[in-house]
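*Asks:* Numbering (the UniProt record's numbering), first residue to last: 1 to 298. Cβ coordinates follow ideal geometry from the N, Cα and C atoms, glycine included. This is the structure I want to talk about, given as structure tokens.
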Amino acid sequence: MTTAKTEEESRQNKGVAELGTYMLKGWVLTDVICPNPGCNIPVVRSRDRSTQLCVLCDDPVNPYPPISQLAAETEVTIVEDPSVVPSTSEPTGAVTTPEEDAELEAVLNEEVTPSRNEAAERRREKGNQASKLLGQKMLAGWTMLEDTCPNPTCIGVPLMRSRQKQTICVMCDGQTAPQPNGVVPAAQLKAAAETNVTVVPELTPQLSTLQEKSLLETSAAKVRNDSPKRRKIDPTASSIDTLTDQVALTILTLTGRMEDLRQSVESSTTSVDDTRAICDAISSCAGAIVALQAVKRI
Numbered sequence: 001m002t003t004a005k006t007e008e009e010s011r012q013n014k015g016v017a018e019l020g021t022y023m024l025k026g027w028v029l030t031d032v033i034c035p036n037p038g039c040n041i042p043v044v045r046s047r048d049r050s051t052q053l054c055v056l057c058d059d060p061v062n063p064y065p066p067i068s069q070l071a072a073e074t075e076v077t078i079v080e081d082p083s084v085v086p087s088t089s090e091p092t093g094a095v096t097t098p099e100e101d102a103e104l105e106a107v108l109n110e111e112v113t114p115s116r117n118e119a120a121e122r123r124r125e126k127g128n129q130a131s132k133l134l135g136q137k138m139l140a141g142w143t144m145l146e147d148t149c150p151n152p153t154c155i156g157v158p159l160m161r162s163r164q165k166q167t168i169c170v171m172c173d174g175q176t177a178p179q180p181n182g183v184v185p186a187a188q189l190k191a192a193a194e195t196n197v198t199v200v201p202e203l204t205p206q207l208s209t210l211q212e213k214s215l216l217e218t219s220a221a222k223v224r225n226d227s228p229k230r231r232k233i234d235p236t237a238s239s240i241d242t243l244t245d246q247v248a249l250t251i252l253t254l255t256g257r258m259e260d261l262r263q264s265v266e267s268s269t270t271s272v273d274d275t276r277a278i279c280d281a282i283s284s285c286a287g288a289i290v291a292l293q294a295v296k297r298i
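Below, the structure is given as structure tokens:
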């Protein structure tokens, strides 16, 4: 019983991790539970609503059916055949040649060399863990921020913020205190100084959509008009700098849009289909922000 419980917990943890990975790819979490007996994982669907699947049972590469189904498939019924008489002779050992013995001994004594892809494997495992933890926070109602963790061991991991404005990194559990209205974190100011992008302070919930739009337009105008006056632009790097500025401004715009959509869900009195459409838009914004963060690190 203990072994079955442990396997079920392991399966649930894998399901949560896979849900986070699918949501970061743009899939939408539904309120439908997988119909397979013993599987309690919610079903996800594609953006165009054409495909629905269970991230464990319907995995195209490594399907992971429920424990009860595995037990039923592997159960074997033993039927005794009276015509078969047990042998009383002792089993004979396998006969091997001296050359085979020497080869086997050499294999057993061979030192295990570290894989050349060990670093890549660690990065992949860390990315999977980050996806799992981010998915758990998103399912719990947390918001993914544009800012990434300043810890050098958490390169590119977005920060998450609760409804109480608590900001943490899901990998290192690093916490940052809520910033006063109009105050920009030092790490964000340093990054803005390196890319010459004007940083807009975090908007409080009291700001209206028109005020947010005005701030974003002001930021865009400063990026276009002030940047050439502040520094000499190297012709060979101008296209890269322009791309970096555009990416930063796009992330800022998406972050503001996600906040608008989140508030719309909280105060929405529309139909279920409209609410699902808003959730789809939030998932799309989150996926776009993750992709743009990767572009900024190139």
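Between G20 and S131, which are expected to be in contact by the criterion C-beta below 8 Å, what is the C-beta distance as a whole number of angstroms?
*Replies:* For the purposes of this step, residue 20 is identified with residue 20 of the sequence shown, where counting begins at 1. For the purposes of this step, residue 131 is identified with residue 131 of the sequence shown, where counting begins at 1. With a Cβ gap of about 5 Å, G20 and S131 count as contacting.
*Asks:* With DSSP collapsed to three states, give me the class of T204.
*Replies:* Here residue 204 is taken as the residue at index 204 of the sequence shown, counted from 1. Its pLDDT being 39, under 50, T204 is placed unreliably by the model, and the measurement read from it follows with that caveat. T204 falls in the coil class under three-state DSSP.
*Asks:* Could you tell me the distance, in whole angstroms, from the CA atom of P37 to the CA atom of P66?
*Replies:* Your numbering for residue 37 matches position 37 in the sequence shown. Your numbering for residue 66 matches position 66 in the sequence shown. Roughly 7 Å between the two C-alpha positions.
*Asks:* In whole angstroms, give me the CA-to-CA distance for C57 and G135.
*Replies:* For the purposes of this step, residue 57 is taken as the residue at position 57 of the sequence shown. For the purposes of this step, residue 135 is taken as the residue at position 135 of the sequence shown. Cα-Cα distance, rounded: 19 Å.
*Asks:* Does the beta-carbon distance from L254 to I289 come in below 9 Å?
*Replies:* As a position in the sequence shown, residue 254 is number 254, starting the count at 1. As a position in the sequence shown, residue 289 is number 289, starting the count at 1. Result yes, Cβ atoms of L254 and I289 sit closer than 9 Å.
*Asks:* Over what stretch of residues does the beta strand (DSSP E) that includes residue 333 continue unbroken?
*Replies:* The question about residue 333 has no answer here: the residues shown for the chain are numbered 1 through 298.
*Asks:* Nearest to R257 by CA position, among A281, E118 and P63, is which residue?
*Replies:* The sequence position of residue 257 within the sequence shown is 257, counting from 1. Nearest option by C-alpha distance: A281.
*Asks:* Mark E73 as exposed unless 16 or more other C-beta atoms lie within 10 angstroms of its C-beta, in which case mark it buried.
*Replies:* In the sequence shown, counting from the first residue as 1, residue 73 sits at position 73. Summary for E73: the model assigns pLDDT 49, below 50, so the residue's position carries little reliability; its value from the coordinates is reported in the next sentence. Label assigned to E73: exposed.
*Asks:* Relative to the alpha-carbon of D173, which residue among Q164, C149, K165 and G156 has its alpha-carbon at the smallest distance?
*Replies:* Translated into the one-based positions of the sequence shown, residue 173 becomes position 173. Ranking Q164, C149, K165 and G156 by Cα distance to D173 puts C149 first.
*Asks:* Since V44 sits in a beta bridge, which residues does DSSP pair it with?
*Replies:* As a first step, residue 44 must be located in the sequence shown, where it is residue number 44. Answer by DSSP bridge pairing, in chain order: L29 and L53.
*Asks:* Going along the chain, which residues of its own chain have a beta-carbon closer than 7 Å to the beta-carbon of Q206, five neighbours each way excluded?
*Replies:* Against the sequence shown, residue 206 aligns to sequence position 206. Per-residue confidence for Q206 stands at a pLDDT of 40, beneath the threshold of 50, marking its modelled position as unreliable; the derived number appears in the next sentence. Excluding residues within five positions, none has a Cβ falling inside 7 Å.
*Asks:* Do V43 and I33 have their C-beta atoms within less than 9 Å of each other?
*Replies:* Numbered from its first residue, the sequence shown carries residue 43 at position 43. Numbered from its first residue, the sequence shown carries residue 33 at position 33. Cβ distance < 9 Å, so V43 and I33 count as in contact.
*Asks:* In three-state DSSP terms, what is M171?
*Replies:* Start at 1 with the first residue of the sequence shown, and residue 171 comes out as number 171. It is coil, neither helix nor strand.
*Asks:* Just verifying my parser: in three-state terms, what is the DSSP assignment at D59?
*Replies:* Position 59 of the sequence shown, counted from the start, is the residue given in the question as residue 59. Three-state result, D59: coil.
*Asks:* Go ahead and label I251 buried or exposed: buried means 16 or more other beta carbons lie within 10 angstroms of its beta carbon, across all protein chains shown.
*Replies:* Within the sequence shown, numbered from 1, the residue matching residue 251 stands at position 251. So I251 counts as buried.
*Asks:* How about G156 and Q293: are their beta carbons less than 9 Å apart?
*Replies:* Taking the sequence shown and counting its residues from 1, the one referred to as residue 156 is at position 156. Taking the sequence shown and counting its residues from 1, the one referred to as residue 293 is at position 293. In contact: G156 and Q293 (Cβ atoms closer than 9 Å).
*Asks:* Mind checking which residues open and close the beta strand (DSSP E) that includes P150?
*Replies:* On the sequence shown, residue 150 is found 150 positions in, with the first residue counted as 1. Element bounds for P150: n/a, residue is neither H nor E.
*Asks:* Just curious, the beta strand (DSSP E) that residue 302 is in, first and last residue?
*Replies:* One cannot answer for residue 302 here, as it falls past the ends of the chain, which runs 1 to 298.
*Asks:* By Cβ distance below 7 Å, which residues in the same chain neighbour R262 in space, the five residues on each side in sequence not counted?
*Replies:* Residue 262 sits at position 262 when you count from the first residue of the sequence shown. Once the five neighbours on either side are set aside, the close Cβ partners of R262 are T143 and I282.
*Asks:* Can you check which of these residues, K25, E146 and M160, is closest to L133 by C-alpha distance?
*Replies:* Residue 133 sits at position 133 when you count from the first residue of the sequence shown. The shortest Cα separation from L133 among K25, E146 and M160 belongs to M160.
*Asks:* Apply the 10 Å Cβ neighbour rule to T51 and answer buried if 16 or more other Cβ atoms are within range, or exposed otherwise.
*Replies:* Locating residue 51 in the sequence shown gives position 51, counting from the first residue. Exposed is the call here.
*Asks:* Taking the alpha-carbon of I41 as reference, which of Q164, R47, L24 and K14 has the nearest alpha-carbon?
*Replies:* Numbered from 1 along the sequence shown, position 41 holds the residue referred to as residue 41. I41 has its Cα closest to that of K14, out of Q164, R47, L24 and K14.
*Asks:* Let me confirm a value: R123 is counted as buried when at least 16 other C-beta atoms fall within 10 Å, else exposed. Which label applies?
*Replies:* Along the sequence shown, one-based indexing puts residue 123 at 123. Exposed: under 16 other Cβ atoms inside 10 Å.
*Asks:* Give a yes or no on whether the C-beta atoms belonging to N151 and M171 are separated by under 9 Å.
*Replies:* To locate residue 151, count along the sequence shown from 1; it is residue 151. To locate residue 171, count along the sequence shown from 1; it is residue 171. It is a contact, given that the beta carbons lie within the stated cut-off.
*Asks:* Checking 9 Å against the spacing of the C-beta atoms, do A277 and M23 come in under that value?
*Replies:* Within the sequence shown, numbered from 1, the residue matching residue 277 stands at position 277. Within the sequence shown, numbered from 1, the residue matching residue 23 stands at position 23. No.
*Asks:* Identify which residue in V28, C39 and G26 has its Cα closest to the Cα of Q12.
*Replies:* What you label residue 12 is simply residue 12 of the sequence shown in a count that begins at 1. Looking at the Cα atoms, C39 is the closest of the given residues.
*Asks:* Compute the Euclidean distance between the alpha carbons of residue 300 and D147, then round it to the nearest angstrom.
*Replies:* This structure gives no information on residue 300, because the portion of the chain shown stretches from 1 to 298.
*Asks:* Let me know if E18 comes out buried or exposed under the rule of 16 or more other beta-carbons within 10 Å of its beta-carbon.
*Replies:* One-based indexing of the sequence shown puts residue 18 at position 18. Label assigned to E18: buried.
*Asks:* Could you please give me the residues that DSSP links to M144 through a beta bridge?
*Replies:* The sequence position of residue 144 within the sequence shown is 144, counting from 1. Bridge partners of M144: M160.
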